[in-house]
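Please read the structure below before turning to the comments.
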Ligand code: A2P
């Protein structure tokens, strides 16, 4: 059978299950597929193309014979098992924060910086979900007119935290509507009918939460630029898809029509921008899609050359699984594997 032997580590999680779906949709030939998780779900069966696959405990397995392993089991698991997978001969596409800022690891958004991925790379990092969708929208503009500064506020859905977070949002919302005791967990505050301006841990030196720091450092690495990035990341009671209010300041003169023309031709970007008729992307309508949707495109009159936009994408697909699978399919297309 042609194709490659693939593996998903964290297969039972929110991103892992999405990887299973996106591989099915986007990869024509799969020689074999192995699924890994922790001992908690070892033995569980998941279905791929009509066949049941038993989930293996990653701690008790090896990666011999695996060509490409997709990791989405959290940073700790990636730190422990990515090197092992590489040692066993697999190419690793890691969806966690474990290796993203390692200078020997390319951090890839295929539409923006596929050129940074070379044949000798065995470990490749998938950026953070909120970075990916912003980069897909901004890289085409940055290519023609370098971005000097980005101010971004995110509205991030709970699915970015994992299956447990989807469950707590459902249970808290139900409890609030039924006026019963609100269950707690996953987040430091109730997320049902609320907003939490904290994603990941606090970094006292900068005053940022780690998600914000990721957006700064990952954006600079991917764009190969010292662009200034000023982020505020917020968890919102939305199940799927992240939204972002993005403000950019550019180096050279550019009109709104020129920006619109660049975005309308950009790969995987869809302009939904007719504000007079209430046409703009919303997270509910962008779930289960692979593109990045842009609306509310307008001038920022407070700086010499600046623009505002509203950017929405499905965080589990475009912000995770689809980006990872696209890295793999582009590697195949360019003969890097
Ligand atoms: P498990 O189901 O066995 O706990 P989510 O992001 O939705 O919370 O999912 C996380 C995924 O990562 C799950 O598949 C989970 O497996 C897996 N996982 C978490 N920690 C580990 C670990 N230490 N080793 C292997 N898999 C892990």
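Numbering (the numbering used here), first residue to last: 281 to 617. No residue lacks a Cβ here, since even glycine has one placed at the ideal position from N, Cα and C.
- When distances are taken from the beta-carbon of residue 443 to the heavy atoms of the ligand A2P, the shortest one is below 7 Å.
- DSSP places residue 374 within a strand segment (E or B) once states are collapsed to three.
- The region 449-457 makes contact with the region 467-476: 3 or more CB pairs, one atom from each, lie closer than 8 Å.
- With at least 16 other beta carbons inside 10 angstroms of its own, residue 390 counts as buried.
- Look at residue 436 here: in three-state DSSP terms it is strand.
- Annotation for residue 329: 304 place their beta carbon closer than 7 Å to its own, counting only its chain and skipping 5 residues before and after.
- With contacts defined by Cβ atoms closer than 8 Å, residue 287 and residue 314 form a contacting pair.
- In this structure residue 521 is in contact with residue 593, their Cβ atoms being roughly 6 Å apart against a cut-off of 8 Å.
- 8 Å or more divides the Cβ of residue 552 from the Cβ of residue 563.
- Shown here, residue 282 sits in coil according to DSSP, grouped into three states, outside any helix or strand.
- The region 394-414 makes contact with the region 492-508, as at least three CB pairs between them are under 8 Å.
- Contact annotation, residue 338 with residue 370: C-beta distance approximately 12 Å; criterion of less than 8 Å not satisfied.
- Within its own chain, the residues whose Cβ lies closer than 8 Å to the Cβ of residue 542, once the five positions on either side in sequence are excluded, are 420, 421, 424, listed in chain order.
- Looking at the backbone, the Cα of residue 350 and that of residue 572 are separated by about 22 Å.
- When distances are taken from the beta-carbon of residue 369 to the heavy atoms of the ligand A2P, even the shortest one reaches 7 Å or more.
- For residue 589, DSSP records a beta bridge to 526.
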